[in-house]
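According to the working numbering, the sequence shown is numbered sequentially starting from 41.
All residues carry an ideal CB built from backbone N, CA and C; glycine is no exception.
Take a look at the structure below.
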Amino acid sequence: MLERVARGGAWIGGLGLLAASWLIVIDLLARKVLGLSLGGADEIAGYVLAVSSAWAFPITLLRRSHIRVDVVYTHMAPKARVVLDCFALICLGVFVGTLTYHAWHVLAESIAFRSVSNTPLQIPQWIPQSLWFAGYAFFLLTVVVLGACALARVTAGRWQAVGALIGIHSVEEEIVAETQSAGTPIDTSPAAPGAAARPQR
Numbered sequence: 041m042l043e044r045v046a047r048g049g050a051w052i053g054g055l056g057l058l059a060a061s062w063l064i065v066i067d068l069l070a071r072k073v074l075g076l077s078l079g080g081a082d083e084i085a086g087y088v089l090a091v092s093s094a095w096a097f098p099i100t101l102l103r104r105s106h107i108r109v110d111v112v113y114t115h116m117a118p119k120a121r122v123v124l125d126c127f128a129l130i131c132l133g134v135f136v137g138t139l140t141y142h143a144w145h146v147l148a149e150s151i152a153f154r155s156v157s158n159t160p161l162q163i164p165q166w167i168p169q170s171l172w173f174a175g176y177a178f179f180l181l182t183v184v185v186l187g188a189c190a191l192a193r194v195t196a197g198r199w200q201a202v203g204a205l206i207g208i209h210s211v212e213e214e215i216v217a218e219t220q221s222a223g224t225p226i227d228t229s230p231a232a233p234g235a236a237a238r239p240q241r
């Protein structure tokens with residue numbers, strides 16, 4: 041369920057960014073050729089960027105695509121890696137929780153004071169801020185659910201499963217993912233211990 045909602049939010053955000061970029065292109069061409077301006081293109085693009093960014097974070101977390109420094113991590117024992125993974129998720133949860141808390145206060149103030157943008161469009165601020173806050177709230181929910189699942193796996197002693205849920209991608213996983221995205225079949229035959237999967241030729 042989380043995966044579907046996160047993927048849908050990311051797709052909508054991506055389409056929104058594409059539409060905003062085309063709006064800016066049209067506005068620039070109109071200024072250059074016709075001497076006219078659509079007005080508000082940069083403002084709308086700013087809203088779209090903020091909302092799409094908030095909704096891109098959950099799918100990034102679910103796909104384990106956030107950037108993490110793994111210089112020491114890769115040389116540690118599996119259980120030590122799990123400890124670091126859980127610590128990283130807790131830190132992320134605290135950060136996102138704080139961010140969501142302040143985002144809610146910004147939204148609540150905009151609703152209370154009926155704030156509008158200080159531009160000719162005068163867009164009610166609660167509209168883009170609601171979508172922005174919803175993205176961060178869903179991101180926080182994703183962190184909490186992943187944390188609960190990781191805790192359940194730790195309790196059951198499934199250390200490797202925890203790494204597969206919230207850990208960093210291994211070199212082998214990255215090779216397989218890149219090869220599959222390139223459309224090259226993977227050789228899944230048994231290999232020597234520690235050997236990475238090889239693309240078939």
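- Put simply, the backbone Cα of Thr114 is about 9 Å away from that of Ile208.
- A contact between stretches requires three or more CB pairs, one per stretch, nearer than 8 Å, and the segment 163-173 fails this requirement with the segment 195-202.
- Gly49 counts as buried, since at least 16 other C-beta atoms from the protein chains shown sit within 10 angstroms of its C-beta.
- Assignment of Pro164 by DSSP, reduced to helix, strand and coil, places it in the strand class.
- Taking all protein chains in view, the Cβ of Ala192 is surrounded by fewer than 16 other Cβ atoms within 10 Å, so the residue is classified as exposed.
- Collapsing the DSSP output to three states places Val202 in a helix.
- Among the bridge pairs identified by DSSP, Val156 is matched with Pro164.
- Under the criterion of beta carbons closer than 8 Å, Leu129 and Leu42 do not qualify as touching, at roughly 15 Å.
- For the pair Ser92 and Leu57, the CB atoms are nearer than the 8 Å cut-off.
- Buried is the label assigned to Arg121, since at least 16 other Cβ atoms lie within 10 Å of its Cβ.
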